[in-house]
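Enquirer: Numbering (the working numbering), first residue to last: -13 to 333.
Glycine included, each C-beta is placed from N, C-alpha and C at the ideal position.
Can you read through this structure? Questions will come right after.
Pasting the structure below:
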């Protein structure tokens, strides 16, 4: 098991560690509900050092052939994403964020569980040079509705980044205006020792840490997917309603994607909301039912501190995809009413 380089400091700040995708990292600090609401009402920091971080060098035409969104039109210093690598069946190899440094140099963030798979897939399908930076740098996110009350706002538009930037008085490898919570914020890549200084500075300003559990509940409120739960190699972007592609160019998986658009799909990803008086959490795989007939299954679910109710997402037969209608979800042998909802689940 890998251990994030910042964990010892984070545990001194109250982090409770656990395992995710082969990494020991903060799961919670106080409670995920408090951490969640800190992001929705103020600000909090996250350790994202488990995410795969790669440097890619080579011809932009090869990058275009691999990745589902168009890259060549993006200015240098911008992020392209979320986007994806797709297999020949248009299933998700991984959903990723691509950073365009120049026409021949890029950075890539992968899901932790897919880092090695993505490296192998790129090398198999191109002559691009891939360098793994994951163990050389840490990754910190500062997110929140009032994040700029806590730190100076960088001179960056959303999805822009700078290399060799300054943050909290420290030289960092990368600073970007980005995140995965639905709130404004920044993400920082730095050397581990620099990351420790940054976390100490943020903590001294009264900014609280947030763990992976809060990050999961925040992303579910926004309807953001998690690889291995909501998408995988057997799910395509049409089914997932995850618009990570540009059809005006060629890329691996495009023919299958066009065929899927032509023929249609049998299932669609949908948001789920339970009544406030039902505090049950459906598990991945819980059946979605209509009049005792199985019409889908739950993929993610959590209690939303912001909405004070259980929420989630899953896949539903496209014949029954009627937003605003009610279905039933089976949990431990009991049936619960669920409202089919669009994303984001918070407005």
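#1: Note down, in chain order, each residue of its chain lying with its Cβ closer than 6 Å to the Cβ of residue 133, except the 5 sequence neighbours on either side.
#2: For residue 180, tell me which candidate among 155, -13, 202, 195 has the shortest Cα-Cα distance.
#3: By DSSP, does residue 181 sit in helix, in strand, or in coil?
#4: Does DSSP put residue 12 in a helix, in a strand, or in coil?
#5: Let me make sure I understand the geometry here. Which of 93, 131, 273, 139 has the alpha-carbon closest to that of residue 117?
#6: With DSSP collapsed to three states, give me the class of residue 69.
#7: Check this for me: beta carbons of residue 229 and residue 205, under 8 Å apart or not?
#8: Buried or exposed for residue 279, going by 16 or more other Cβ atoms inside 10 Å?
#9: Per DSSP, what kind of secondary structure is residue 328 in: helix, strand or coil?
#10: Using alpha carbons as the reference points, say which of -1, -2, 14, -13 lies closest to residue 202.
#11: Contact check, residue 104 vs residue 80 under 8 Å by CB: the rounded distance?
#12: Should residue 216 go down as buried or exposed, given a rule of 16 or more other Cβ atoms within 10 Å for buried?
#13: Could you tell me which whole alpha helix (DSSP H) segments of length 4 or greater appear in the stretch 62 to 137?
#14: Residue 175 bridges to which residues according to DSSP?
#15: On the CB-based measure, 16 or more other CB atoms within 10 Å of its CB, does residue 248 come out buried or exposed?
#16: Can you look up residue 418 in the DSSP assignment and give me helix, strand or coil?
#17: For residue 18, I'd like the list of residues in its chain whose CB is within less than 7 Å of its CB, leaving aside the five on either flank, ordered along the chain.
#18: If you measure between the beta carbons of residue 297 and residue 284, is that distance less than 8 Å?
Expert: From the atom records:
#1: Here residue 133 corresponds to residue number 147 of the chain shown, with the count starting at 1. Excluding sequence neighbours, residue 133 sits near 29, 170, 171.
#2: Here residue 180 corresponds to residue number 194 of the chain shown, with the count starting at 1. For residue 180, the nearest C-alpha among the options comes from 155.
#3: The residue labelled residue 181 in the question sits at position 195 within the chain shown. The DSSP-derived three-state label of residue 181 is helix.
#4: As a working mapping, residue 12 is identified with position 26 in the chain shown. In the three-state reduction of the DSSP assignment, residue 12 falls in the strand class.
#5: If you number the chain shown from 1, residue 117 lands on position 131. Nearest to residue 117 by C-alpha distance, out of 93, 131, 273, 139, is 93.
#6: Position 83 of the chain shown, counted from the start, is the residue given in the question as residue 69. When DSSP states are grouped into helix, strand and coil, residue 69 belongs to the strand group.
#7: By 1-based counting over the chain shown, the position of residue 229 is 243. By 1-based counting over the chain shown, the position of residue 205 is 219. Taking 8 Å as the Cβ cut-off, residue 229 and residue 205 do not qualify as a contacting pair.
#8: Here residue 279 is taken as the residue at index 293 of the chain shown, counted from 1. Exposed, because fewer than 16 other Cβ atoms sit within 10 Å of the Cβ of residue 279.
#9: Taking the first residue of the chain shown as 1, we reach residue 328 at position 342. The answer is coil: DSSP assigns residue 328 none of H, G, I, E or B.
#10: Here residue 202 is taken as the residue at index 216 of the chain shown, counted from 1. Checked all of -1, -2, 14, -13; the closest Cα to residue 202 is 14.
#11: Within the chain shown, the letter at position 118 stands for residue 104. Within the chain shown, the letter at position 94 stands for residue 80. Right, their Cβ atoms sit about 5 Å apart.
#12: On the chain shown, residue 216 is found 230 positions in, with the first residue counted as 1. Residue 216 is classed as buried because its beta carbon has at least 16 other beta carbons within 10 Å across all chains shown.
#13: Taken in chain order, the complete alpha helix (DSSP H) segments of 4 residues or longer contained in the stretch 62 to 137 are 101 to 111.
#14: Here residue 175 refers to the residue found at position 189 when the chain shown is read from its first residue. Under DSSP, residue 175 takes part in a beta bridge, and its partners are 125, 160.
#15: To locate residue 248, count along the chain shown from 1; it is residue 262. So residue 248 counts as exposed.
#16: Because residue 418 is not part of the residues shown, which for the chain are -13 to 333, the question remains open.
#17: Here residue 18 refers to the residue found at position 32 when the chain shown is read from its first residue. The residues are 197, 199, 200, 203.
#18: Within the chain shown, numbered from 1, the residue matching residue 297 stands at position 311. Within the chain shown, numbered from 1, the residue matching residue 284 stands at position 298. No. Outside cutoff.
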